[in-house]
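Asker: One structure, as structure tokens, below. Some questions next.
Residue numbers (the working numbering): 1 to 179.
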């Protein structure tokens, strides 16, 4: 985590001027060639790889996963927003990950059908994370450069808190972040 000079803040952070940047960008073009091959299929991290994330002091406002079950031809890409339920306000035990499907679905098990809109191991994908002001813009692509290219976008205000009605989410206006 380190010092503010090594990290970025969102615009509404009262100490934003102390940070190296206001906002930040992360871009990746990649293939996922392997995932873990053990675990309970009902566990989010089983048969998965984290392919990108933003850290804050005690949690991650963004974590991007690729997950492919062993009996499925296609895997799923999804991202999570971890609510910022802070220790300082006594809410830390209430933090939770809010999941967002991109391609496929996060909650598949071995008994589920493979996602028809999923991503194969070795398939070229990309994502862009662009934090401008207080808003995190996410763009995901598969089928890059083909007529079948699929683009999905998401936007989330990191400062507001109460994301999707979560009463304990305090937002990230008072946090420093790094990618």
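Note that CB positions come from ideal geometry on N, CA and C, so glycine has one too.
Taking the beta strand (DSSP E) that residue 52 falls in, what are its first and last residues?
Answerer: Position 52 of the chain shown, counted from the start, is the residue given in the question as residue 52. Its beta strand (DSSP E) spans residues 48-54.
Asker: Return the CA-CA distance between residue 135 and residue 84, expressed in angstroms with no decimal places.
Answerer: Taking the first residue of the chain shown as position 1, residue 135 is located at position 135. Taking the first residue of the chain shown as position 1, residue 84 is located at position 84. So the two alpha carbons sit approximately 15 Å from each other.
Asker: Tell me which same chain residues have a C-beta within less than 8 Å of the C-beta of residue 35, skipping the five on either side of it?
Answerer: Here residue 35 refers to the residue found at position 35 of the chain shown. Once the five neighbours on either side are set aside, the close Cβ partners of residue 35 are 47, 48, 49, 66, 67, 68, 75, 121.
Asker: From 125, 158, 91, 9, pick the residue whose C-alpha is nearest to that of residue 30; which is it?
Answerer: As a working mapping, residue 30 is identified with position 30 in the chain shown. Of the listed residues, the one whose Cα sits closest to residue 30 is 125.
Asker: Under 8 Å by Cβ, that's how I've got residue 181 and residue 95 pegged, so tell me the actual separation to the nearest angstrom.
Answerer: For residue 181 there is no data in the structure shown, the boundaries of the chain being 1 and 179.
Asker: According to DSSP, is residue 165 part of a helix, a strand, or is it coil?
Answerer: The residue labelled residue 165 in the question sits at position 165 within the chain shown. Here residue 165 sits in helix by DSSP.
Asker: I'd like to know whether the C-beta atoms of residue 89 and residue 160 end up nearer to each other than 8 Å.
Answerer: Here residue 89 refers to the residue found at position 89 of the chain shown. Here residue 160 refers to the residue found at position 160 of the chain shown. Not closer than 8 Å, so no.
Asker: Check residue 126 in the structure and name its three-state DSSP category.
Answerer: In the chain shown, the residue the question calls residue 126 occupies position 126. Three-state result, residue 126: strand.
Asker: Terminal residues of the continuous beta strand (DSSP E) containing residue 138?
Answerer: Within the chain shown, the letter at position 138 stands for residue 138. Unbroken beta strand (DSSP E) run through residue 138: 135-142.
Asker: Got a sec? Which residues, its chain only, sit under 7 Å from residue 108 by beta carbon, not counting five neighbours each side?
Answerer: If you number the chain shown from 1, residue 108 lands on position 108. For residue 108, where only same-chain residues beyond five positions count, the Cβ hits under 7 Å are 69, 76, 115.
Asker: So which of 98, 55, 19 has the shortest CA-CA distance to residue 165?
Answerer: Residue mapping note: residue 165 aligns to position 165 of the chain shown, counting from 1. If we check each option's Cα against that of residue 165, 98 comes out closest.
Asker: I'd like the list of long-range same chain contacts for residue 144, defined as Cβ closer than 8 Å, with 5 residues on each side in sequence excluded.
Answerer: Reading the chain shown from its first residue, position 144 is the one you call residue 144. Cβ neighbours of residue 144 beyond the five flanking positions: 29, 124, 125, 126.
Asker: Can you tell me which of 167, 37, 138, 151 puts its alpha carbon nearest to the alpha carbon of residue 24?
Answerer: In the chain shown, residue 24 corresponds to position 24, counting from 1. It is 138.
Asker: Helix, strand or coil for residue 43 per DSSP?
Answerer: The residue you call residue 43 lines up with position 43 of the chain shown. In the structure shown, residue 43 sits in coil (DSSP, three-state: anything other than H, G, I, E or B).
Asker: According to DSSP, what are the bridge partners of residue 112?
Answerer: Your numbering for residue 112 matches position 112 in the chain shown. BP columns for residue 112 are empty, so no partner.
Asker: By a C-beta neighbour count over all protein chains shown, 10 Å radius and 16 as the cutoff for buried, is residue 56 buried or exposed?
Answerer: Translated into the one-based positions of the chain shown, residue 56 becomes position 56. With 16 or more Cβ atoms within 10 Å of its Cβ, residue 56 is classed as buried.
Asker: With respect to the beta strand (DSSP E) encompassing residue 66, which residues constitute its N-terminal and C-terminal limits?
Answerer: As a working note, residue 66 is residue 66 in the chain shown. Unbroken beta strand (DSSP E) run through residue 66: 62-67.
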